[in-house]
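One structure is given here, and the rest of the page talks about it.
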Amino acid sequence: MTAAMARGLRAFGRFWWDFLVGDTPELTIATLVVVAVAFALAPLHVLPVVAVPAVAVVALVLSAARGRVPRR
Amino acid sequence: MTSADWVLVLAVFGACAVEMVEALTIVLAAGTSRDWRSALEGAGVAVAVLGLLVVTVGVPLVRYVPIDALRVVVGALLCSLGLSWLRKAWLRASGHKALHDEDAIFAETVAELATEGPVRRHRDAIGFAVAFKGVFLEGTEVVLIVISLGASQDRLGLAAAAAAAAVVVVVVAGAVVARQLSSVPENTIKLAVGVMLSSFGVFWIGEGAGVRWPGSDAFLIALVAVFSALSAAAIPWLRRTAPQPVEAAT
Chain A
996 MTAAMARGLR AFGRFWWDFL VGDTPELTIA TLVVVAVAFA LAPLHVLPVV AVPAVAVVAL
1056 VLSAARGRVP RR
Chain B
60 MTSADWVLVL AVFGACAVEM VEALTIVLAA GTSRDWRSAL EGAGVAVAVL GLLVVTVGVP
120 LVRYVPIDAL RVVVGALLCS LGLSWLRKAW LRASGHKALH DEDAIFAETV AELATEGPVR
180 RHRDAIGFAV AFKGVFLEGT EVVLIVISLG ASQDRLGLAA AAAAAAVVVV VVAGAVVARQ
240 LSSVPENTIK LAVGVMLSSF GVFWIGEGAG VRWPGSDAFL IALVAVFSAL SAAAIPWLRR
300 TAPQPVEAAT
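Below, the structure written as structure tokens:
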């Protein structure tokens, strides 16, 4: 019973890990950075309007570059 | 409806359509190779469970969680999902990753189900389970998007209606074109939805954190334009370094 529950919990955890993180952990980390930057710069006026989207954009470009298959 | 409402409807409709094309392929395979009644029942039960999830999770979220906290969490979720959809769509469009091939998935699922033993007369548990699993797993992402977008804008009903409309459109289209689901421009839809989810994600994170976006909700359109322009530039850039064409993914 306990073993079955543990298996179920592991499978549940694995499902959500694959779902939310999967093979792009860098994008999950980047999202947390976007949140941190938004809170840190929110009191300022113009800077967060540029910086918050910029973090997401840079992270996406770097992640896509990492996902390229090398030309043989 | 505001511009944010329109983007919400398009994002939910597109996301749901993409996921439902994938789910419908599995249901068609289960129905063709096992038993139509069991496959349709499996799909129906999965849709009902997903609908129940929207009501039981979404409604309390809207009513009891402070809106700013909700927007940050939901924004983070949408941002993470959107960026990963965009990345995948860029890599597929540029030839670094194989395109999703519904024909191949259909053939593979039918072949797998053919080895599962004889079909039962009244209720085929395998056909039911395969269809249920296919619809439920593909639908979970849609539920998450419906709840996130609906709850953060207090438009849960509108988001659910957009998802339901997509289900109807895909099912009707599926019934008409049957096995030609591979002709659906899935990657283009995925790209558009990725742009919208990423834009919503960044927007809600900022809103929840207290960033004052110029033009308020209208800034969402500017974010959509930024991610669209970025995609238009990134795909040709990635294509320049693409390897030889790869086989279709299942």
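Those sequence lines, one after another, are chains A and B. Residues in the first sequence are numbered from 996 upward in steps of one, following my numbering. Residues in the second sequence are numbered from 60 upward in steps of one, following my numbering. Idealized CB from N, CA, C, for every residue including glycine. Every value quoted in this text rests on a predicted model; they were computed, and no experiment measured them.
Query                                                                                                                                                                                  : Result
Here's the rule I'm using: 16 or more other beta-carbon atoms within 10 Å means buried, otherwise exposed. How should B:Phe259 be labelled?                                            : buried
Hey, is B:Arg151's beta-carbon within less than 7 Å of any beta-carbon in chain A?                                                                                                     : no
Rounded C-beta distance between B:Ala63 and B:Val252? I'm assuming under 8 Å.                                                                                                          : Actually they are not in contact, since the Cβ atoms of B:Ala63 and B:Val252 sit about 16 Å apart, beyond 8 Å.
Run through DSSP, which three-state label would B:Asp213 get?                                                                                                                          : coil
Give the residues from the region 1033-1053 of chain A that approach chain B closer than 8 Å (Cβ to any Cβ), ordered along the chain.                                                  : Ala1033, Phe1034, Leu1036, Ala1037, Pro1038, His1040, Pro1043, Val1044, Val1047, Pro1048, Ala1051 and Val1052
Taking A:Gly1008 as the query, report the chain B residues whose CB atoms sit under 9 Å from its CB, ordered along the chain.                                                          : Result: empty, since nearest Cβ-Cβ is about 15 Å, beyond 9 Å.
Using CA atoms only, rank isn't needed, just tell me which of A:Gly1017, A:Ala998 and A:Ala1006 is closest to B:Ser139.                                                                : A:Gly1017
Would B:Ala268 pass as an interface residue toward chain A - the criterion being a Cβ-Cβ separation below 7 Å?                                                                         : yes
Go to B:Ser290, then tell me how far its alpha helix (DSSP H) extends in each direction, as first and last residue.                                                                    : Phe278 to Arg298
Are there 16 or more other CB atoms within 10 angstroms of the CB of B:Ala225, so buried, or fewer, so exposed?                                                                        : buried
Give the interface partners of A:Arg1063 over in chain B, defined as CB-CB distance under 7 Å, in chain order.                                                                         : His155, Leu297 and Thr300
Might you give, ordered along the chain, the residues of its own chain that have their beta carbon closer than 8 Å to the beta carbon of B:Val106, omitting 5 neighbours on each side? : Val194, Gly198 and Val226
Using the beta-carbon of each residue, which ones in chain B are nearer than 8 Å to A:Leu1022?                                                                                         : Ser139, Leu142, Ser143 and Arg146
Check the C-beta distance from B:Leu142 over to A:Leu1022 and give it rounded, since I have them as a contact under 8 Å.                                                               : 5 Å
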